[in-house]
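Final position of the sequence shown in the working numbering is 554; the numbers increase by one with none missing.
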Amino acid sequence: MGLIFWQKIRLISLIIFLALNSINKANATTKPASIGNHQLNIITSVSQLSDINVDSWAFQTLQALIEQYDCVSQANPDNQTLNRYQFATKLNTCVTHINKLITKGKINRETLTTIQKLQVEFSAELATFRNRIDLLEDKVAALQAQQFSPQVELEGEIIFAMTGVAGGKKANSRTKPINDNLVLSDRVRLSLETSFTGKDNLQIRLQGRNTPELADFTGTKMANLGFDGDDDNEMEIDEIDYKFPLGKQTHITLYALGGGLGDFVPSVNPLFSGSGDGSISTFGRENPIRRQGGGAGIGISHNLNDSLNLSLAYITNDAANPERGIFASPHGAIAQITLEPTKTTALSVTYIYSYNNVNTGTGSELTNNPFNNQADAITANSFGAEAAWQFNQSITIGGRVGFIHAKAEDLAATPNAFISTWALLLSIKDIGKEDSFAGFVVGQPPKVTDNSFGDTFEDENTSLHLEAFYHLQITDNVAITPGLFVITNPENDNSNDKIYVGTVRTTFTF
Numbered sequence: 045m046g047l048i049f050w051q052k053i054r055l056i057s058l059i060i061f062l063a064l065n066s067i068n069k070a071n072a073t074t075k076p077a078s079i080g081n082h083q084l085n086i087i088t089s090v091s092q093l094s095d096i097n098v099d100s101w102a103f104q105t106l107q108a109l110i111e112q113y114d115c116v117s118q119a120n121p122d123n124q125t126l127n128r129y130q131f132a133t134k135l136n137t138c139v140t141h142i143n144k145l146i147t148k149g150k151i152n153r154e155t156l157t158t159i160q161k162l163q164v165e166f167s168a169e170l171a172t173f174r175n176r177i178d179l180l181e182d183k184v185a186a187l188q189a190q191q192f193s194p195q196v197e198l199e200g201e202i203i204f205a206m207t208g209v210a211g212g213k214k215a216n217s218r219t220k221p222i223n224d225n226l227v228l229s230d231r232v233r234l235s236l237e238t239s240f241t242g243k244d245n246l247q248i249r250l251q252g253r254n255t256p257e258l259a260d261f262t263g264t265k266m267a268n269l270g271f272d273g274d275d276d277n278e279m280e281i282d283e284i285d286y287k288f289p290l291g292k293q294t295h296i297t298l299y300a301l302g303g304g305l306g307d308f309v310p311s312v313n314p315l316f317s318g319s320g321d322g323s324i325s326t327f328g329r330e331n332p333i334r335r336q337g338g339g340a341g342i343g344i345s346h347n348l349n350d351s352l353n354l355s356l357a358y359i360t361n362d363a364a365n366p367e368r369g370i371f372a373s374p375h376g377a378i379a380q381i382t383l384e385p386t387k388t389t390a391l392s393v394t395y396i397y398s399y400n401n402v403n404t405g406t407g408s409e410l411t412n413n414p415f416n417n418q419a420d421a422i423t424a425n426s427f428g429a430e431a432a433w434q435f436n437q438s439i440t441i442g443g444r445v446g447f448i449h450a451k452a453e454d455l456a457a458t459p460n461a462f463i464s465t466w467a468l469l470l471s472i473k474d475i476g477k478e479d480s481f482a483g484f485v486v487g488q489p490p491k492v493t494d495n496s497f498g499d500t501f502e503d504e505n506t507s508l509h510l511e512a513f514y515h516l517q518i519t520d521n522v523a524i525t526p527g528l529f530v531i532t533n534p535e536n537d538n539s540n541d542k543i544y545v546g547t548v549r550t551t552f553t554f
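Listed below in structure tokens is the structure:
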């Protein structure tokens with residue numbers, strides 16, 4: 045009896061256990077179902093993952109918009125299905141184009157309704173696409189602002205020149221004639237340029253040349269070419285400079301080698317200033333007062349406003365000598381104000397102080413040595429002005445004047461010499477071919493007009509420099525410049541014969 049009773053108890057317990065187990069399984073099945081419904085709300089639906097085929101309403105509608113407004117180059121050239129993101133990309137491009145037309149009143153209400161329907165249906169894809177574009181733009185902006193990869197660029201300029209000189213006797217001799225031979229010479233410049241920030245520039249220039257100074261063959265520096273110099277074509281470093289900004293309106297220029305006072309200030313007549321593409325003569329390139337010295341130096345250029353610039357610079361010839369230092373003889377300093385009141389007018393006023401640097405290399409021998417080699421401490425205060433006026437798109441008229449007041453500080457009575465120079469300039473652009481121009485120079489090379497050291501050391505007469513050249517730009521990299529200049533009364537002496545200098549300068553750049 046007891047045994048049967050316990051067997052019944054066990055059977056009832058087993059039935060209860062199986063019943064509870066079934067209930068638990070049922071509850072387990074029901075709970076994930078409710079969770080699953082929530083998950084389905086956050087997982088992309090099947091319709092959103094489906095491709096857009098060519099027969100769908102969305103594709104046909106977009107195709108019609110593209111054909112009507114030409115907003116995408118090709119909707120689907122191969123008639124293939126597009127996934128929703130590909131479709132959203134083309135839709136975004138088309139909508140961007142159509143938005144520009146809305147402001148012009150060229151879009152009707154029906155088109156706007158159609159675009160709105162497409163944007164609603166593909167809102168998720170469009171939002172993702174635009175977020176990716178914004179992220180990409182931010183990364184590009186960050187790279188541009190924070191990263192710069194310096195690289196070295198090689199630039200070159202090669203000049204071949206055929207030059208001839210004609211005249212009677214040499215300006216410094218009554219018996220030696222000027223040889224009228226033709227000479228072929230060259231100048232090669234190779235520049236290595238790099239930047240460390242994208243706004244600065246470091247240049248190292250190598251040069252080799254064999255173009256003679258015609259002063260040796262004519263007896264006057266008034267006959268020198270604007271690209272001369274002879275070192276037997278041995279390549280050497282002739283210029284090292286570094287330029288960098290010191291703010292939006294201020295720039296610093298450093299020359300470790302090869303700088304000149306004129307390199308630190310703007311040129312009002314830039315068509316004449318280049319040695320490879322400007323005037324063929326030294327005198328024609330720039331105001332001679334700027335040629336008082338060269339070497340190492342530092343300059344600062346500051347734009348006071350959009351039309352006014354102030355430039356200051358100091359230069360010395362023997363900066364690397366520890367026994368002499370940067371303030372030793374010879375040296376010079378320049379200050380220039382450049383004004384461009386209109387787009388067609390430019391003016392500059394220049395002041396230069398020099399010490400034992402009065403030689404400009406363009407005037408008479410007396411201007412280069414006004415105190416007969418007896419002074420070892422010559423200070424000079426120079427003043428210059430230059431102007432340019434663009435008469436029309438082709439013609440520009442320019443002019444310049446310069447005065448040098450030199451004083452022999454170490455001689456008794458500190459004698460003074462006054463030196464003057466002037467020039468008129470005319471350029472006519474785009475003659476025969478675009479970027480080609482003709483240039484004309486009429487002027488007086490530096491002349492000693494008064495000298496308290498003695499009347500013997502004053503120039504009695506006046507030389508005139510008459511020049512014409514034509515810069516023909518054959519290609520972007522090749523230019524030919526035939527030119528001729530005449531010196532009347534060389535060395536400011538009317539007893540000297542005229543000197544004629546002609547050259548054909550061919551310039552290759554790369």
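Beta carbons: idealized from backbone N, C-alpha and C, even for Gly.
Check                                                                                                                                                                                               : Outcome
Measure from the alpha carbon of residue 342 to the alpha carbon of each residue in 224, 297, 214, 331, then state which is nearest.                                                                : 297
Taking only the alpha-carbon atoms, compute the straight-line gap between residue 82 and residue 113 and give it to the nearest angstrom.                                                           : Since pLDDT at residue 82 reaches only 37, below the 50 mark, its modelled position is unreliable, and the value read off the structure follows with that caveat. Each residue's Cα considered, the two are about 43 Å apart.
Output the boundary residues of the beta strand (DSSP E) element that contains residue 427.                                                                                                         : 422-434
Which residues in the same chain as residue 522 place their Cβ atom closer than 7 Å to its Cβ, once the five residues preceding and following it in sequence are excluded?                          : 552
My assumption, with CB atoms under 8 Å, is that residue 250 sits in contact with residue 234. Please give the rounded CB distance.                                                                  : 5 Å
Since residue 486 and residue 510 should fall inside the 8 Å C-beta cutoff, what is the C-beta to C-beta distance between them, to a whole number of angstroms?                                     : 6 Å
In the DSSP output, what is residue 461 paired with across the bridge?                                                                                                                              : 450, 495
Got a sec, what are the start and stop residues for the beta strand (DSSP E) residue 347 sits in?                                                                                                   : 338-347
Starting from the C-beta of residue 438, find all residues in its chain whose C-beta is less than 7 Å away, skip the five residues before and the five after it, and write them out in chain order. : 472, 473, 474
Tell me whether residue 42 sits in a helix, a strand or coil according to DSSP, three-state version.                                                                                                : The structure shown has nothing for residue 42, since the chain only spans 45 to 554.
Just how far apart, CA to CA, sit residue 283 and residue 246?                                                                                                                                      : 11 Å
Mind checking residue 183: buried by the 16 CB within 10 Å criterion, or exposed?                                                                                                                   : exposed
Identify every residue that forms a DSSP beta bridge with residue 509.                                                                                                                              : 487, 531
Mark residue 404 as exposed unless 16 or more other C-beta atoms lie within 10 angstroms of its C-beta, in which case mark it buried.                                                               : buried
From what residue to what residue does the beta strand (DSSP E) around residue 207 run?                                                                                                             : 196-211
Tell me whether residue 352 sits in a helix, a strand or coil according to DSSP, three-state version.                                                                                               : strand
Which same chain residues, not among the five before or five after residue 288, have their C-beta less than 8 Å away from its C-beta?                                                               : 241, 243, 244, 245, 295, 296
Which of helix, strand or coil does DSSP assign to residue 245?                                                                                                                                     : strand
Just how far apart, CA to CA, sit residue 159 and residue 186?                                                                                                                                      : 34 Å
Given a cut-off of 8 Å, decide if residue 536 and residue 495 are closer than it, judged by their beta-carbon atoms.                                                                                : no
Taking its Cβ as the centre, do 16 or more other Cβ atoms sit within 10 Å of residue 414, making it buried, or is it exposed?                                                                       : buried
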